[in-house]
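Student:
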Amino acid sequence: MEELVKGKLLFGLGLLAAILPLPVIAAENVHLSIDASKSGPRIDRNLFGQFAENLGHGLYEGIWVGPDSPIPNTRGIRKDVVAALKELKVPNVRWPGGCFADQYHWRKGIGPRDQRPATVNLAWGDVIDTNAFGTDEFMDFIQQIGSTPYVSINLGSGTPQEAAEWLEYMTAAAPTALGKERAANGRPEPYKVGFLGIGNESWDCGGAMTPEYYVSLMKVYSRFVLNMNPAQRGQDQMLKIAVGPGTPDTEWTEAVMKAWKKHTWAWDINGVSLHWYTVPNGWPPSTKSEKFGLDDYAKSLKSTLFMDDFLRKQEAVMDKYDPEKKVTLSVDEWGAWHAPLTGSNPAFLVQQNSIRDAILASLNLNIFARHADRVRMANIAQMINVLQAMILTDKEKFVLTPTYYLFKMYVPFQDATFIPVTFDAGAYTHGGVFLPRVDAIAAKTADGKLLIEITNLDAETSVAIDVDLIGITAKSATAETLTAPTVDSINTFEAPSTVVPKTAAVKLQGGKLSLTVEPRSVTVVSIEQ
Ligand code: AHR
3 MEELVKGKLL
13 FGLGLLAAIL
23 PLPVIAAENV
33 HLSIDASKSG
43 PRIDRNLFGQ
53 FAENLGHGLY
63 EGIWVGPDSP
73 IPNTRGIRKD
83 VVAALKELKV
93 PNVRWPGGCF
103 ADQYHWRKGI
113 GPRDQRPATV
123 NLAWGDVIDT
133 NAFGTDEFMD
143 FIQQIGSTPY
153 VSINLGSGTP
163 QEAAEWLEYM
173 TAAAPTALGK
183 ERAANGRPEP
193 YKVGFLGIGN
203 ESWDCGGAMT
213 PEYYVSLMKV
223 YSRFVLNMNP
233 AQRGQDQMLK
243 IAVGPGTPDT
253 EWTEAVMKAW
263 KKHTWAWDIN
273 GVSLHWYTVP
283 NGWPPSTKSE
293 KFGLDDYAKS
303 LKSTLFMDDF
313 LRKQEAVMDK
323 YDPEKKVTLS
333 VDEWGAWHAP
343 LTGSNPAFLV
353 QQNSIRDAIL
363 ASLNLNIFAR
373 HADRVRMANI
383 AQMINVLQAM
393 ILTDKEKFVL
403 TPTYYLFKMY
413 VPFQDATFIP
423 VTFDAGAYTH
433 GGVFLPRVDA
443 IAAKTADGKL
453 LIEITNLDAE
463 TSVAIDVDLI
473 GITAKSATAE
483 TLTAPTVDSI
493 NTFEAPSTVV
503 PKTAAVKLQG
513 GKLSLTVEPR
523 SVTVVSIEQ
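Numbered by my numbering, the letters in the sequence shown go through residues 3 to 531 in order.
1. Per the DSSP calculation, Lys504 is bridged to which residue(s)?
2. Grouping DSSP H, G and I as helix and E and B as strand, with all else coil, what is Val527?
3. I believe Leu198 touches Met240 by the beta-carbon criterion, under 8 Å. Please report the beta-carbon distance rounded to the nearest angstrom.
4. Taking the C-alpha atoms as reference points, what is the distance between Pro23 and Glu292?
5. In angstroms with no decimal places, state the Cα-to-Cα distance between Leu49 and Lys242.
6. Could you please give the first and the last residue of the uninterrupted alpha helix (DSSP H) stretch that includes Ser364?
7. For a test of the three-state rule: what should DSSP assign to Thr150, helix, strand or coil?
8. Less than 7 Å between the CB of Glu30 and some heavy atom of ligand 1, yes or no?
9. Between Glu530 and Leu452, what straight-line distance do the alpha-carbon atoms span, to the nearest angstrom?
10. Closer than 7 Å to a non-hydrogen atom of ligand 1 - does that hold for the CB of Asn123?
11. Using the C-alpha atoms, what's the distance from Pro503 back to Ala19?
12. Hey, quick one: how far does the alpha helix (DSSP H) through Gln316 stretch, first residue to last?
13. What does DSSP give as the partner residue(s) for Met379 in the beta ladder?
14. Residues bridged to Val489 by DSSP?
15. Given 7 Å as the limit, tell me if Phe102 has its C-beta closer than that to any heavy atom belonging to ligand 1.
16. Assuming Thr255 and Gln353 are in contact, meaning their beta carbons sit under 8 Å apart, how far apart are those beta carbons, in whole angstroms?
17. Heavy atom of ligand 1 less than 7 Å from the Cβ of Ala54, yes or no?
18. Looking only at its own chain, which residues have a Cβ that is under 6 Å from the Cβ of Ser305, when we skip the five neighbours before and after it?
19. At what residues does the alpha helix (DSSP H) containing Pro162 begin and finish?
20. Let me check understanding here. Comparing Cα to Cα, which of Phe436, Lys263 and Phe400 lies closest to Tyr321?
21. Does DSSP put Lys509 in a helix, in a strand, or in coil?
22. Which two residues bound the contiguous alpha helix (DSSP H) that contains Ser224?
23. What do you reckon, are the CB atoms on Met230 and Leu169 nearer than 8 Å?
24. DSSP on Phe400, reduced to helix/strand/coil?
25. So Ala461 and Pro521 are supposed to be a Cβ contact under 8 Å. How far apart are they, rounded?
26. Taking all protein chains shown into account, do 16 or more other C-beta atoms lie within 10 angstroms of the C-beta of Lys328, making it buried, or fewer, making it exposed?
27. Determine the DSSP secondary structure at Tyr412, reduced to helix, strand or coil.
28. Determine whether the beta carbon atoms of Val333 and Phe308 lie at a separation below 8 Å.
29. Indicate, with yes or no, if ligand 3 has a heavy atom lying under 7 Å from the CB of Ala383.
30. Say whether the region 348-362 touches the region 424-433, bearing in mind that this needs 3 or more beta-carbon pairs closer than 8 Å, one atom from each stretch.
31. Going residue by residue through the region 76-142, where are the continuous beta strand (DSSP E) segments of at least 3 residues, counting only ones entirely within it?
32. Tell me, please, which residues DSSP counts as bridged to Gly273.
33. What do you reckon, is the C-beta of Asn387 under 7 Å from a heavy atom of ligand 1?
34. If the criterion is Cβ atoms closer than 8 Å, does the pair Gly196 and Asn56 meet it?
35. Does the region 32-40 touch the region 79-90, meaning 3 or more C-beta pairs lie closer than 8 Å?
36. In its own chain, which residues sit with a C-beta less than 6 Å from the C-beta of Pro74, not counting the 5 before and 5 after it?
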């Protein structure tokens with residue numbers, strides 16, 4: 003009887019928890035040990051890349067409003083968006099897709115905007131595309147936010163010649179016809195193209211190819227689609243990313259890596275992509291992005307943690323052909339893919355963004371950091387107004403999401419050196435879903451700071467953390483934490499500061515650091531020595 007009453011009570015509390023801020027239950031303890039003298043690989047800044055596809059309001063409205071818009075802009079590009087993105091030190095932006103890339107013909111997006119043809123975006127909702135945001139506008143955006151272009155070429159419906167000419171238009175320094183055309187369009191100096199995507203999901207929307215067919219095309223594109231910028235001939239060379247897997251099986255990676263093993267002077271690739279989204283209930287995505295409860299929260303985090311297994315499987319194949327880890331595994335699409343928001347165009351992939359999404363982003367970034375010897379590039383999908391976005395806009399309205407703030411907290415990790423952390427994560431269980439209670443990574447920055455990131459996955463309980471700091475004489479420590487009243491807390495245009503980072507208390511004493519991390523939170527501690 004007592005059990006029944008307790009059961010009813012817990013059930014009642016569960017219901018209440020879905021509506022009310024969750025009560026903070028007594029703290030659990032987790033002990034971390036960090037030896038700062040041990041170091042791992044560099045956490046490449048390119049792991050914090052973004053993805054901006056021509057999809058819904060990702061580019062149009064999200065970035066591009068046009069020079070005549072009443073929304074403040076610089077040459078047509080939103081000023082509020084640029085200012086916010088500069089803070090993230092976005093290392094690279096993947097464009098124009100995604101599935102859109104294999105249907106994009108770049109010539110339609112250059113020259114005087116009033117003379118560009120209208121086309122139909124057949125990849126995303128059959129909407130009219132004015133082509134106003136083309137190559138030069140994208141490059142202007144990249145320059146305004148201080149990033150590096152990651153251009154995906156059209157392998158599905160284009161030709162090697164079309165792609166080669168696009169590269170010539172972007173990168174020719176000599177007065178070739180295409181270089182002159184670029185100059186006439188306002189840009190005499192060649193652009194730098196940091197990364198080249200050789201197709202996108204060629205096993206599916208990119209042309210439903212077999213691995214063998216793709217590999218043949220990949221070699222041809224790699225051979226002939228060349229960067230002509232003299233400043234990119236040495237260290238700063240353009241890296242070529244081949245299409246990789248989107249499911250955990252390894253057939254595709256085998257085919258690409260087997261071919262790479264035998265590559266000659268004539269062609270090469272520097273990376274293989276991998277796409278994996280958090281879709282806890284399978285396709286089509288059905289988790290809600292607002293007004294959801296603990297069940298969805300727990301399932302989403304569980305699904306995210308699968309990324310680790312997925313990477314391991316692909317890495318095993320890559321290691322077989324490339325034990326020196328020359329070829330990068332580039333997770334150039336990742337993030338939470340929820341059901342479209344009610345009332346939105348389902349083809350525009352519009353969703354809200356909650357503290358749950360920030361937490362699952364931290365889990366993904368931590369997994370990437372642990373695989374940093376092979377995973378040296380990643381792009382969250384997507385930057386603005388699409389899927390797990392940094393920023394949401396509605397005409398002149400603009401709001402930064404919890405995922406934006408999470409990325410901001412991780413900026414110091416860009417190019418820092420990974421330091422192993424030893425800990426027993428404990429467990430958090432909800433509705434039969436078992437999760438680690440805590441996740442953590444550490445890194446050392448170029449200027450000698452030790453960074454510790456701690457994610458408390460437990461939605462109900464705060465955790466008392468104590469850290470043994472070995473190999474470092476810590477002088478001072480500061481911490482910032484991101485949490486929210488409920489797992490589905492979001493920022494809105496009307497209430498933009500519900501989920502924002504705040505300062506957290508930390509104690510340093512005798513080589514030990516201690517702090518309490520709140521339920522459903524991400525905390526970054528910075529230690530000066
Ligand atoms: O990010 C949305 C879409 O997801 C991309 O266009 C495609 O590559 C993937 O399937």
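In this text, a Cβ means the ideal position worked out from N, Cα and C, and glycines have one as well. These numbers were taken from a predicted model, which means no experiment stands behind them.
Tutor: Put simply:
1. Thr483
2. strand
3. 6 Å
4. Caution is warranted here: a pLDDT of 49 is assigned to Pro23, below 50, making its placement in the model unreliable, and no coordinate value can be reported.
5. 16 Å
6. Ile357 to Arg372
7. coil
8. no
9. 7 Å
10. no
11. Because the pLDDT at Ala19 is just 37, under 50, the model does not fix this residue reliably, and the point stays unresolved.
12. Leu296 to Tyr323
13. Ser332
14. DSSP lists no partner for Val489.
15. yes
16. Between Gln353 and Thr255 the Cβ distance is about 29 Å, and since that is not below 8 Å, they are no contact.
17. no
18. Thr280 and Pro282
19. Pro162 to Thr173
20. Sequence inspection shows Asp at residue 321; the Tyr mentioned does not correspond to that position. Among Phe436, Lys263 and Phe400, the Cα nearest to that of Asp321 belongs to Lys263.
21. strand
22. Pro213 to Phe226
23. yes
24. strand
25. 6 Å
26. exposed
27. helix
28. no
29. The ligand content of the structure shown is limited to ligand 1, which means ligand 3 is not among them.
30. no
31. 95-97, 121-123 and 129-131
32. Ile243 and Thr330
33. no
34. no
35. no
36. Lys81
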